[in-house]
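*Asks:* Below is one structure. I have some questions about it.
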Amino acid sequence: MLLSEQAYKKIDREIAKFPQDQRQSAVMAALAIAQDEQGWLSPVLLQEVADYLRMPAIAVQEVATFYAMYNTKPVGRHKLTVCTNLPCALSGGERAAHHLKERLGIDYRETTADGQFTLQEGECMGACGDAPVMLVDNKRMCSWMSNDKIDALLEELKK
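If you use the working numbering, the sequence shown corresponds to residues 4 to 162, in order.
Structure follows, in structure tokens:
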């Protein structure tokens with residue numbers, strides 16, 4: 004088994020939120036738990052989640068590849084997602100992305116040589132008034148990302 008006992012306990016808590024015959028409804032939560040523990044969702048890990056939820060592996064893969072928050076390829080220790088939808092792009096998103104690219108020496112969908120950071124562009128994050136916005140590791144929203152705030156964030160994440 005690839006996941007820890009603790010991860011399976013978390014998945015079981017998610018499964019318990021649904022009727023017994025609907026355990027597949029916990030697929031998104033199960034994938035998030037698996038990814039948090041392993042860093043990304045390998046084909047073997049997708050199969051393990053599918054087996055545990057008693058659903059076809061292709062159905063789990065469809066969910067994992069549809070949503071941008073799931074990593075089906077290895078990523079850096081920290082995934083930085085910059086909103087590039089029009090409101091953010093016009094309000095500094097392109098500038099923020101350019102600054103990140105220069106500071107990290109990578110482009111979108113690339114990972115730094117030291118494995119610390121992966122940079123991605125993202126769709127609307129629902130915070131247009133806070134533009135430019137970034138999402139760190141799918142969990143932490145950062146607003147009004149000036150170059151100084153980006154530099155401070157990178158230093159914090161390197162620790």
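The beta-carbon is built from N, C-alpha and C at its ideal position, and this holds for glycine as well.
No experiment lies behind these values; they were computed from the predicted model shown.
Give, in chain order, every unbroken run of the beta strand (DSSP E) that is at least 3 residues long and sits entirely within the stretch 104–128.
*Replies:* You should have 120–125.
*Asks:* Nearest to residue 94 by CA position, among 104, 130 and 68, is which residue?
*Replies:* Numbered from 1 along the sequence shown, position 91 holds the residue referred to as residue 94. Of the candidates 104, 130 and 68, the one whose C-alpha sits nearest the C-alpha of residue 94 is 130.
*Asks:* So, are the CB atoms of residue 43 and residue 20 less than 8 Å apart?
*Replies:* Mapped onto the sequence shown, residue 43 falls at position 40. Mapped onto the sequence shown, residue 20 falls at position 17. Not in contact: residue 43 and residue 20 (Cβ atoms no closer than 8 Å).
*Asks:* My output table needs one value for residue 16: the three-state DSSP class, helix, strand or coil.
*Replies:* As a position in the sequence shown, residue 16 is number 13, starting the count at 1. Helix.
*Asks:* So, is residue 38 buried or exposed, given that buried needs 16 or more other C-beta atoms within 10 angstroms?
*Replies:* Position 35 of the sequence shown, counted from the first residue, corresponds to residue 38. Burial call: buried.
*Asks:* Expressed to the nearest angstrom, what Euclidean distance is found between the alpha-carbon atoms of residue 7 and residue 140?
*Replies:* Position 4 of the sequence shown, counting from 1, holds the residue named residue 7. Position 137 of the sequence shown, counting from 1, holds the residue named residue 140. Taking the straight line from one Cα to the other gives about 21 Å.
*Asks:* Whether or not the stretch 63–71 and the stretch 23–38 are in contact is what I'm after, with contact meaning three or more pairs of Cβ atoms, one per stretch, closer than 8 Å; do they touch?
*Replies:* Segments in contact, yes.
*Asks:* When you compare the CB positions of residue 63 and residue 49, do they come within less than 8 Å of one another, or not?
*Replies:* By one-based count along the sequence shown, residue 63 stands at place 60. By one-based count along the sequence shown, residue 49 stands at place 46. Yes; because the gap between Cβ atoms is below 8 Å, this pair is in contact.
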